[in-house]
Structure formats: C-alpha cells, structure tokens
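Notes follow once the structure below has been shown.
Residue numbers (this note's numbering): 4 to 389.
Encoded structure:
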C-alpha cells in the first residue's frame, strides 16, 4: 500500500471517528459548560460534598440508562426499564423484610427477576414478532402491577438491613481511585500499543488521557469528602464490563450489526433472534440492578419506585449522553455522561431553589439539542457513505 493511500485511510478513519463521537463530545462539552455555569451561580456546587452526593444521586439513574443503551444498540426500545427495576427492588425488599433472607440472596433474586422480565420481553419481540414498543409498554403495566401486588396493602417497605444499606453508604479510601485509574490507563495504553496498526491512534490516546484525568480528578474530589462511594464503583464496574462485552465479543459485534441493519445481519448468518432475546434479558438484569441501588439509597421501596418518570429520564440520559436513537451506534459510557448531566441539572436547580418545572423544561431543551447532534452525525455519515 502506498503512503498516500495509507494517509488517506488514516484520515478517513479519523473522520469517521470524529463523526461517531460528535454526540458524545457534545454531551461532555455540555457537562463542562453546565458545571461552570452552576458553580458561578452557586459556589457550593463544585464542593467535594456536593459532587459526592451528586454522583450518588446519579448512580441508580445511570444504571437504568445503561439498560436503555443496550436495547437501543440493537435498534429496539424498552419502555419497561423503570418498572422492571421497581418490581425487582420490591421482590428484594419482601425477601429481606418479610422472609428474613440474607441481603446477598435477596439481591440475587432481584437480578434474576429482572433477567426473567427481560427474557419475557425478548421472547415477545422475537417469537411473537410484536413491536418492542408494544411488548415493553405492556411490560411496564405488568411489572407496575406486580410491584403493587408484591408490596401488598402496606404500599411501602422500609429497608433496615445493613447489607442493603451498605451498597450506597459504604465509602472506600481515595487511593483506590488513583490505583484503579492508573491501572486502566496503563492497560488501555498497552492495548493500543499492541494493536496500533489496526486502530486509529488519535482516538485511543484521547480515551487514555480522559481516563487518567477523570480518575485523578474523581479521586481528589472524593478524598476531600468521605471517600469513593461503593455504589459508584459498582456502577463503573457494570459499565466497564458491558463495554468490554460489546466491543470485544462476538455478541457485542452482532448486536451492533443488528442495530445497524437487521436484515443484512441475518443474511450474514447472525442469529438475530437469539441476540435480541439475550439483549433484552441483559437489559432487564441491569434495570434490576438500578432498582436495587435506588432502593438502597432511599432505604425503602414504595409504590412510586420505578415510576414512568424514571423510565423517561433514563431514556433522556441515554440520548443526552450520545447513544443513537436510530440503533447500531453508541456506547454504554454514554449512560454515565447523560446521568451526570441530568443529575447535575437536578442538583443544581435544587441548590438554586428553583421548582421541578424548571428541571423538566431544561431537561427537554437539552434532550432536543442532544438528539439534534445525533441526527447531524447520522446525516454526515450518510453523506460520506453515499
């Protein structure tokens, strides 16, 4: 291959990377602008205590948003993520409070409940050939009904179990963040170095720098407060694990191919039905994890757990973070960015003493901007491939 052709190929890769990253870059830039503005309006916003509370408030939403991203990647939609999380949390609460089961067993049962709910959705979409919108809308109603039935006449259960509370009340030493961030950066650097001929160096180096900088900054902030929240570690672990699965496994590549064009993927020999069922089951499991983390933070499960508001906010977080509503593109890390944006809006408006109405108006505006970036990126990609 000549140098000119090789340079052209590199420029093409860089251009494609820039277009694909446009929504995510926009979300990250928006987060920086948002934090700067809120700090100017209220000097307490960027304090260590407030940022720690902000991330704790965003963990449950971010986890449910991860479930949304998983389903969006295969070109489907899941309106039941919030309801599944609430139902799973109710199952956990009943097992702990009324039957006295240990917290780990109850949490495992909640995750299994979410997986089962997602499996039902996947079978409904594939075996019955029903639109995912209809199946998951029915699921939303079913699991909300299940929540009411499980809680019974009391309508609410308080969680005093120390094992459940520990999920969001445990704080780890700040040096763990420095060591963990350095290890991730080193591993990413090594992976880039070993595969540098097959990947675009600029994109990889940017990610390495961002990981190292984010880990150092987060460790410094948490170190000035109570330490690193265990809930944040759990959330980041879920995101990192799923990111590896989606990018490094055949299942992940098949899921993205289905989201890009299901018919082409089927002609290529991909088992579309199986991938869809597994994805919905995985999304149900992650939704249940979000419900468990939310219940742990509030130390209660009630009839408003897993409300429709949570589902809509999770979809907004996924879209704002850069996940494509058109399918086939996006990253589970977008759930983190989107949850931080919405969590910052909620937290900042509370500090400013503004009403919830301002939050919804602002969230709607940010959502429109995020989807506009996604649409612009899609049009640019279509023009390059035309």
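Glycine is no exception: its CB is placed at the ideal position from the N, C-alpha and C atoms.
With fewer than three CB-CB distances shorter than 8 angstroms, the region 84-100 does not count as touching the region 345-360. Apart from the 5 residues on each side of it in sequence, residue 255 sits with its Cβ closer than 8 angstroms to the Cβ of 248, 249 in its chain, given in chain order. The three-state secondary structure of residue 305, taken from DSSP, is strand. DSSP places residue 159 inside the beta strand (DSSP E), whose first and last residues are 159-161.
A residue is called buried once 16 or more other Cβ atoms fall within 10 Å of its Cβ, and residue 252, having fewer, is exposed. In the DSSP annotation of this structure, the continuous segment of the alpha helix (DSSP H) that includes residue 349 starts and ends at 336-354. When Cβ pairs closer than 8 angstroms are counted between the two stretches, the region 306-316 is seen not to touch the region 97-110, the count staying below three.
In this structure, the alpha-carbon of residue 128 lies about 6 angstroms from that of residue 134. For the options 60, 39, 71, the alpha carbon positioned closest to that of residue 321 is the one of 71. Straight-line measurement puts the Cα of residue 222 at about 7 angstroms from the Cα of residue 178. Counting only residues of its own chain and dropping the five nearest sequence neighbours on each side, residue 328 has a CB closer than 8 angstroms to the CB of 75, 322, 374, 377. According to DSSP, residue pairing for residue 175 in a beta bridge involves 231. In the displayed model, residue 362 falls within a helix according to three-state DSSP. Residue nearest to residue 260 within the set 63, 79, 37, 59 is 79 (criterion: CA-CA distance). Closest by C-alpha distance to residue 60, out of 334, 69, 370, 301, is 301. Listed in chain order, the non-local C-beta contacts of residue 239 below 7 angstroms within the same chain number zero, local neighbours out to five positions each way being set aside. For residue 256, the enclosing alpha helix (DSSP H) has its first and last residue at 253-263. Linking residue 351 to residue 233 through their CA atoms gives a straight-line distance of about 23 angstroms. By the C-beta density criterion, residue 149 is buried, having at least 16 other C-beta atoms within 10 angstroms.
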